[in-house]
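Structure record follows, encoded as structure tokens.
Number of protein chains: 2
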Amino acid sequence: MNPTTLNALAEPNRLLIIELLREGPLSVGEIAERLHLRQPQASKHLKFLSEAGLVEVRAEANRRIYRLRPEPLMEMDEWLESFRGMWEERFDRLSDYLLYLKKTGSSLKPKEEFK
Amino acid sequence: MNPTTLNALAEPNRLLIIELLREGPLSVGEIAERLHLRQPQASKHLKFLSEAGLVEVRAEANRRIYRLRPEPLMEMDEWLESFRGMWEERFDRLSDYLLYLKKTGSSLKPKEEFK
DNA sequence: CCGGAATATTCTTGTCAAGGAATATTTTGA
DNA sequence: TCAAAATATTCCTTGACAAGAATATTCCGG
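Chain order of the listed sequences is C and E. Counted the way my numbering counts, the first sequence spans residues 213 to 327. Counted the way my numbering counts, the second sequence spans residues 213 to 327.
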């Protein structure tokens with residue numbers, strides 16, 4: 213997994229940009245407007261995202277249209293793959309947990325133990 | 213998606229810690245040793261990861277054993293879910309791409325267009 | 001209850017990057 | 001060719017945080 217990708221996504225406004233672009237390519241001005249950013253900050257974040265490989269640009273007349281690149285997200289997906297065993301394992305114990313809740317009427321987690 | 217999780221994982225050593233803990237819980241000393249970190253830095257990173265909810269601790273004798281918490285990773289997984297359509301769509305065009313390679317003998321990407 | 005092992009905290013220093021404001025650059029249409 | 005729209009860049013200040021070194025704390029076994 214590439215820390216550069218994570219770093220780029222760790223900034224809240226950049227994360228919002230990525231989520232916005234999920235719906236389709238947009239110009240800088242549109243991105244700035246929809247996220248209530250000033251244009252220079254939008255440009256700066258887009259440059260950052262671009263250098264991280266998360267977006268790509270194309271020029272169209274006066275505008276610059278930014279679009280998502282799926283590759284880094286695919287890499288994240290593959291990285292997470294190696295962890296999926298963990299929560300499937302825990303899911304096996306879910307029925308026990310539900311039973312516990314039913315018995316106690318509690319909505320609090322039981323103190324978890326592990327070894 | 214929570215930026216806190218991404219921020220915690222964006223630091224290379226912390227990412228390594230998470231990958232190491234994938235194999236099972238470890239003490240601070242073991243983590244420091246296996247990643248060639250000094251003990252104080254290991255402790256600091258673990259504190260950071262702990263506050264981000266990525267790990268949990270338990271005391272055992274003299275040691276503190278850290279263990280992965282799957283929840284934030286599950287959240288990442290669900291977040292990525294909303295992007296999976298993207299690369300599946302692109303996958304549909306793979307056969308065209310392979311055909312292109314065969315025709316041209318080129319190993320270079322054709323210039324991609326999008327609108 | 002004391003010494004030492006394991007771990008945590010504090011302090012300092014350097015780097016990175018975010019936001020604001022101002023300005024430069026690019027590009028198009030008239 | 002020029003003005004204006006769209007975008008990029010620069011400069012500044014500020015805050016976060018990583019690493020190193022030193023020190024504090026915790027806790028077990030003897």
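Glycine is no exception: its CB is placed at the ideal position from the N, C-alpha and C atoms.
Helix, strand or coil at residue i [DSSP, three-state]
i, result
"arginine 234 of chain C", "coil"
"leucine 221 of chain C", "helix"
"alanine 273 of chain E", "coil"
"lysine 323 of chain E", "Because lysine 323 of chain E sits at a pLDDT of 42, beneath the cut-off of 50, its placement in the model cannot be relied upon, and the following sentence gives the value as read from the coordinates. Coil at lysine 323 of chain E, not helix or strand."
"serine 262 of chain C", "helix"
"leucine 280 of chain E", "strand"
"serine 333 of chain C", "The structure shown has nothing for residue 333 of chain C, since chain C only spans 213 to 327."
"arginine 226 of chain E", "helix"
Classification of residue i by the beta-carbon crowding that lies within 10 angstroms, buried from 16 upward
i, result
"proline 284 of chain C", "buried"
"histidine 257 of chain C", "buried"
"alanine 244 of chain E", "buried"
"alanine 273 of chain C", "exposed"
"arginine 281 of chain E", "buried"
Anticipated Cβ contact below 8 angstroms, residue i with residue j, distance rounded
i, j, result
"alanine 222 of chain C", "leucine 266 of chain C", "About 12 angstroms separates the two Cβ atoms, so there is no contact after all."
"glutamate 268 of chain E", "arginine 275 of chain E", "That belief does not hold up - the Cβ atoms of glutamate 268 of chain E and arginine 275 of chain E are roughly 14 angstroms apart, past 8 angstroms."
"threonine 217 of chain E", "alanine 264 of chain E", "6 angstroms"
"leucine 292 of chain C", "methionine 288 of chain E", "6 angstroms"
"leucine 249 of chain E", "asparagine 214 of chain E", "25 angstroms between Cβ atoms; not a contact."
"phenylalanine 295 of chain C", "arginine 234 of chain E", "6 angstroms"
Members of the segment 242 to 273 of chain C that neighbour chain E once the beta carbon cut-off is set at 8 angstroms: Result list: Arg270.
Residues in the segment 287 to 299 of chain C with C-beta within 7 angstroms of chain E's C-beta atoms, listed in sequence order? Here the close residues are Met288, Asp289, Leu292, Ser294, Phe295, Met298, Trp299.
Near-chain C residues of the segment 213 to 230 of chain E - C-beta to any C-beta below 8 angstroms: If the cut-off is 8 angstroms between Cβ atoms, the segment 213 to 230 of chain E has Met213, Pro215, Leu218, Asn219, Leu221, Ala222, Glu223, Pro224, Leu227 near chain C.
Please determine if the segment 223 to 238 of chain E and the segment 246 to 261 of chain E are in contact, where contact requires at least 3 C-beta pairs separated by less than 8 angstroms. Contact between the segment 223 to 238 of chain E and the segment 246 to 261 of chain E is present, because at least three Cβ pairs lie under 8 angstroms.
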